[in-house]
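Each residue of the sequence shown is one higher than the one before, starting from 1 at the first, in UniProt numbering. Ideal Cβ placement from N, Cα and C applies to all residues, glycine included. Quantities reported herein were computed from a predicted structural model and do not represent experimental measurements.
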Amino acid sequence: MTGARSRSAEVPGAELSALTAAELVAGYRSGAFTPTTATRSVLDAIEASDPALNAFVRVDADGALAQAAASTERWRSGRPLGPADGVPTSIKDILWTVGLPTIRGTWLIDEAGPWPEDAPVVARLREAGAVLVGKTSTPEFAWKGVTDSIRFGSTGNPWDPSVTSGGSSGGAAAAVGSGMGPWAVGTDGGGSVRIPAAFTGTMTIKPTYGLVPLYPASPFGTLSHAGPMTRSVADAAALLDVIAGRDSRDWSAMPTPAVSFLDGLEDGIDGLRIAFSPTLGYGQNDPEVEQLVRAAAAVLAAEGAQVEEVDPEIADPVDAFEVLWFCGAAKVLDSYPPGAIEQIDPLLREGIETKGRGSAGDYLDAMAVRMDLGRQMGRFHEAYDLLITPTMPITAFERGLQAPQGWPSQWWTSWTPYTYPFNMTQQPAASVPCGTTTAGLPVGLQIVGARHDDARVLRAARTYERAGGERFVRPVDDPGASR
């Protein structure tokens, strides 16, 4: 993998900001370092790297150091709150956070607040003792697959700051991928954790809908999920343990899991039936992307899975998805005064005006497509335990653009054909790095499971990571980092 820096033997001498959450907690437990020193290292990394990346819209250094000091005292007294205690964590600027503005990339929100309530995932992180270092960037109302907003500008990629980090959780992915903290929380309504994970060489899972509670309810409704963004599968499982579970504010939240997602993570995939679909039957891939994903499928086969190249025989649901998506976006504006649409991202405005103002019949027709897609995928998973695809058919493109140069469409759905179908079906879907192209940009492998089969998805991701993957950290102040 061109230019990759394997760190498996570097942990003792590594910068603390580049360690995983599990490595940090091990250091706290042994007394090798403290949450305070780790948090200072992360804040230093933000100061060094964020000017080039623009991953953060707000850094709360004083608040983070106060939280780290409290965590340090808990570890010293032998009373840590759990495996997230003292871990520096960033929150996508879509999720409410007490005392910190949640601006959502728009000029329509006044940062003055007040900000008195945490979203469920933020509340769970506080209860677990995590150190909240700041809020990460998102496009306006998290509406598209690249991270730029008219209020905060564009976010670059740790592998090359001149290309996009993807979106809409691009700030979170850029932070994690560049060593500005070990993990983050993002949201995903059509690919928004998986797109940037693929583009930045990081790991994520969009859990089964309802496993991670959301409040306030997303305007995109039951398309929207929240999930962990990390540099290792074990960290993703550990963070999912923290943020999953019932919250009375979310009417659709599932019960709190009784078993840790870390349990069985190392058990392998021997005998699993895995369908490999390079295009879902309707996409088209960059040749290097397809080559790397095929190689990843071969790794899983070598690990004992029964891998068969087969398509799920579904039609591209993009038209129905866009009706649901832009109807949700249109509802966002209903809570603002008349004229708000004149102040938003011009392409978002176009989407609302052309696709988000249809009839109730149009919406119900789109829901019918969604329900049928869910039925088809349910039947598919009776024959196959997992489905693997490229996460993205392309690698990251020029920062500030809505689509690659020369692309036939400016809509983000035109270059993300493998992500949004699984928001419609509410299935768990992970993205794990599976190599870099000759241009030095990461590629992601998507692993999709049946609804509620999140643990199996994580186990397959860990199997691949252990057998064929590498962990990447790309600090942008390293002159050799971009290639």
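List the residues that DSSP assigns as beta-bridge partners of residue i.
| i | result |
| --- | --- |
| L100 | T97 |
| T438 | For T438, which the question treats as bridged, DSSP gives no partner whatsoever. |
| S137 | DSSP, once it has assigned bridges, lists no residue as partnering S137. |
| S149 | G153 |
| W115 | Bridge partners of W115: none, in fact. |
| F56 | T136 |
| G268 | DSSP lists no partner for G268. |
| P88 | V131 |
| E308 | A275 |
Considering only residues of the same chain and omitting the five flanking positions on each side of residue i, which have a CB-CB separation below 6 Å?
| i | result |
| --- | --- |
| S169 | K92, G186, S192, V193, P196 |
| S17 | S41, V42, A45, G179 |
| P417 | G283 |
| L333 | A340, I341 |
| D316 | Y282 |
| P421 | P317 |
| S410 | For clarity, residue 410 is Gln in the given sequence; the question names Ser instead. Around Q410: Q402, A403. |
| A450 | H381 |
| S162 | R399 |
| T34 | T72 |
| S249 | The sequence as given places Arg at residue 249; Ser does not occur at that position. Within the same chain, R249 has close Cβ partners Y215. |
| D453 | none |
| G82 | A128 |
| R456 | G449 |
Short of 8 Å in beta carbon distance, which residues of its chain neighbour residue i, apart from the five on each side in sequence? Order them along the chain.
| i | result |
| --- | --- |
| E308 | R273, I274, A275, F276, Y384 |
| A302 | A467 |
| residue 498 | Absent from the structure is residue 498, since the part of the chain shown begins at 1 and ends at 483. |
| L239 | A21, A84, W183, V185, P228, T230 |
| T102 | D93, I94, L95, W96, I109, W115, K135 |
| L19 | V11, G27, A38, P182 |
| M203 | A197, M229, T230, R231, S232, V233, D235, A236, A430, S431, V432, P433, A461, E465 |
| V289 | P390, M392, P393, I394, T395, T437, V443 |
| S330 | One point to set straight first is that residue 330 is Ala, not Ser, in the sequence displayed. I352, G356, R357, listed in sequence order. |
DSSP on residue i, reduced to helix/strand/coil?
| i | result |
| --- | --- |
| F321 | helix |
| I243 | helix |
| A275 | strand |
| N157 | strand |
| W407 | coil |
| E303 | coil |
| D62 | helix |
| V163 | strand |
| L16 | helix |
| F33 | coil |
| I447 | strand |
| T413 | helix |
| E73 | helix |
| I394 | coil |
| G186 | strand |
| E23 | helix |
| F463 | This sequence places Thr at residue 463; Phe is not what is there. DSSP places T463 in helix when its eight states are reduced to three. |
| S430 | Looking at the sequence shown, residue 430 is not Ser but Ala. In the structure shown, A430 sits in a strand (DSSP, three-state: E or B). |
| E313 | coil |
| S8 | Its pLDDT being 34, under 50, S8 is placed unreliably by the model, and the measurement read from it follows with that caveat. Here S8 sits in coil by DSSP. |
| V457 | helix |
| V289 | helix |
| V193 | coil |
| I46 | helix |
| Q284 | coil |
| L401 | coil |
| G468 | helix |
Using only the heavy atoms of the ligand MN, determine whether one of them is closer than 8 Å to the beta carbon of residue i.
| i | result |
| --- | --- |
| L401 | This structure lacks the ligand MN; in fact it carries no ligand of any kind. |
Taking 7 Å as the limit between beta carbons, can you name the residues of its chain near residue i, skipping five residues before and five after?
| i | result |
| --- | --- |
| L292 | C434, G435, V443 |
| D247 | P120, P213, Y215, A253 |
| F326 | G351, I352, K355, G356 |
| A150 | Checking the sequence, you will find Ile at residue 150 rather than Ala. Correct list, in chain order: W107, E140, D345. |
| G153 | N54 |
| R29 | none |
| P255 | R246 |
| E111 | P101, I103 |
| V323 | K355, G358, D362, Y363, A366 |
| L347 | Q402, Q410 |
| A297 | F276, V307, I388 |
Quick one: which unbroken alpha helix (DSSP H) runs of 4-plus residues sit fully inside the segment 327-388? Chain order, please. 346-355, 360-383
With a cut-off of 8 Å, do at least 3 Cβ pairs link the segment 132-143 to the segment 158-177? yes
Contact between the segment 157-169 and the segment 434-451: three or more CB pairs below 8 Å? yes
Are the segment 119-127 and the segment 204-215 touching, with three or more C-beta to C-beta distances below 8 Å? yes
Quick one: which unbroken beta strand (DSSP E) runs of 3-plus residues sit fully inside the segment 196-261? Chain order, please. 203-206, 225-230
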